[in-house]
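A.B. asks: Numbering (UniProt numbering), first residue to last: 1 to 197.
Have a look at this one before I ask anything.
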């Protein structure tokens with residue numbers, strides 16, 4: 001596997017059924033083969049492609065909002081861990097985003113958001129967010145029943161990490177944005193080859 005160089009700009013793409021749906025540039029913070037850490041900055045362009053499933057849920061926005069987000073990915077995990085900061089750099093919350101395991105190439109990472117999330121406050125209290133989304137995505141044909149079961153299993157594992165205090169991402173507790181990274185320009189839009197996982 002080719003690793004990304006820290007400081008390089010890559011595309012985080014949401015790909016549904018082999019077709020691009022959303023592309024957003026992110027800056028690589030670290031990539032060591034175990035954890036890929038990228039940073040999404042306020043104002044980063046969000047580029048949407050036409051898709052048979054219709055408009056992306058975020059299609060009303062052309063740029064990422066005011067939060068700075070550190071996104072942590074591990075190979076084969078059905079979720080990423082987001083550390084969210086205000087534009088002023090103040091820590092707001094941790095956010096567990098359940099999504100397809102990453103597929104990577106030399107310039108991008110591909111995933112698909114499953115909707116289910118966990119929000120973790122700075123004091124450690126947490127709650128589930130968008131729980132019905134898994135059912136809705138299954139009913140719409142966006143994901144298969146086996147994917148729903150796999151996501152629920154991953155969610156139970158994350159819940160146990162939170163209960164036990166064994167968060168693998170705790171090494172990133174002290175990470176803060178070291179200064180604003182300029183948002184790169186818009187990404188190209190179009191159909192992508194079918195992704196195999």
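Just so it is clear, CB atoms sit at the ideal spot from N, CA and C, and this is done for glycine as well.
It should be emphasised that the depicted structure is a prediction, and the values quoted were computed from it without experimental measurement.
#1: Among 4, 2, 82 and 1, which has the Cα closest to the Cα of residue 41?
#2: Quick one, which of 113, 149, 126 and 178 has its alpha-carbon nearest residue 161's?
#3: According to DSSP, is residue 93 helix, strand or coil?
#4: Count the other CB atoms, across all protein chains shown, that sit within 10 Å of the CB of residue 120; report buried if there are 16 or more and exposed otherwise.
#5: Assign residue 37 to buried or exposed, taking buried as 16 or more other Cβ atoms, counted over all protein chains shown, within 10 Å of its Cβ.
#6: Does the pairing of the stretch 99-117 with the stretch 10-19 give three or more beta-carbon distances under 8 angstroms?
#7: Please report the distance separating the alpha-carbon of residue 123 from that of residue 92.
#8: Mind checking residue 107: buried by the 16 CB within 10 Å criterion, or exposed?
#9: When you compare each of 30, 148, 157 and 86 to residue 5 by their alpha carbons, which one comes out closest?
#10: Residue 71 and residue 80 - do their beta-carbons sit closer together than 8 angstroms?
#11: Could you pull out every residue in the same chain whose Cβ sits closer than 7 angstroms to the Cβ of residue 143, ignoring the five residues on either side in sequence?
#12: With DSSP as the reference, identify every bridge partner of residue 199, one or two as the case may be.
#13: Pull up the DSSP beta-bridge partners for residue 23, would you.
#14: Leaving out five residues before and five after residue 74 in sequence, what residues of the same chain have Cβ atoms less than 7 angstroms from its Cβ?
#15: With 16 as the cutoff for other CB atoms within 10 Å, does residue 24 come out buried or exposed?
#16: Measure from the alpha carbon of residue 53 to the alpha carbon of each residue in 158, 20, 26 and 149, then state which is nearest.
C.D. replies: According to the data block:
#1: Locating residue 41 in the chain shown gives position 41, where the first residue counts as 1. Of the candidates 4, 2, 82 and 1, the one whose C-alpha sits nearest the C-alpha of residue 41 is 82.
#2: For the purposes of this step, residue 161 is identified with residue 161 of the chain shown, where counting begins at 1. Ranking 113, 149, 126 and 178 by Cα distance to residue 161 puts 126 first.
#3: Counting from 1 along the chain shown, the entry for residue 93 is found at position 93. Strand, per DSSP.
#4: Stepping through the chain shown from its first residue, residue 120 is reached at position 120. It is buried - the Cβ of residue 120 has at least 16 other Cβ atoms within 10 Å.
#5: In the chain shown, residue 37 corresponds to position 37, counting from 1. So residue 37 ends up on the buried side.
#6: yes
#7: The sequence position of residue 123 within the chain shown is 123, counting from 1. The sequence position of residue 92 within the chain shown is 92, counting from 1. Going from the Cα of residue 123 to the Cα of residue 92 covers about 10 angstroms.
#8: Residue mapping note: residue 107 aligns to position 107 of the chain shown, counting from 1. The residue is exposed, with fewer than 16 neighbouring Cβ atoms inside 10 Å.
#9: If you number the chain shown from 1, residue 5 lands on position 5. Nearest of 30, 148, 157 and 86 to residue 5, Cα basis: 30.
#10: The residue you call residue 80 lines up with position 80 of the chain shown. The residue you call residue 71 lines up with position 71 of the chain shown. Going by C-beta atoms, residue 80 is nearer than 8 angstroms to residue 71.
#11: In the chain shown, the residue the question calls residue 143 occupies position 143. Taken in chain order, the residues that qualify are 114 and 137.
#12: The structure shown has nothing for residue 199, since the chain only spans 1 to 197.
#13: Position 23 of the chain shown, counting from 1, holds the residue named residue 23. DSSP lists 13 and 47 as partners of residue 23.
#14: Residue 74 sits at position 74 when you count from the first residue of the chain shown. Only 34 and 35 meet the Cβ criterion.
#15: The residue given as residue 24 occupies position 24 in the chain shown. Counting Cβ neighbours within 10 Å, residue 24 comes out buried, since at least 16 surround it.
#16: To locate residue 53, count along the chain shown from 1; it is residue 53. That would be 20, whose Cα lies nearest to the Cα of residue 53.
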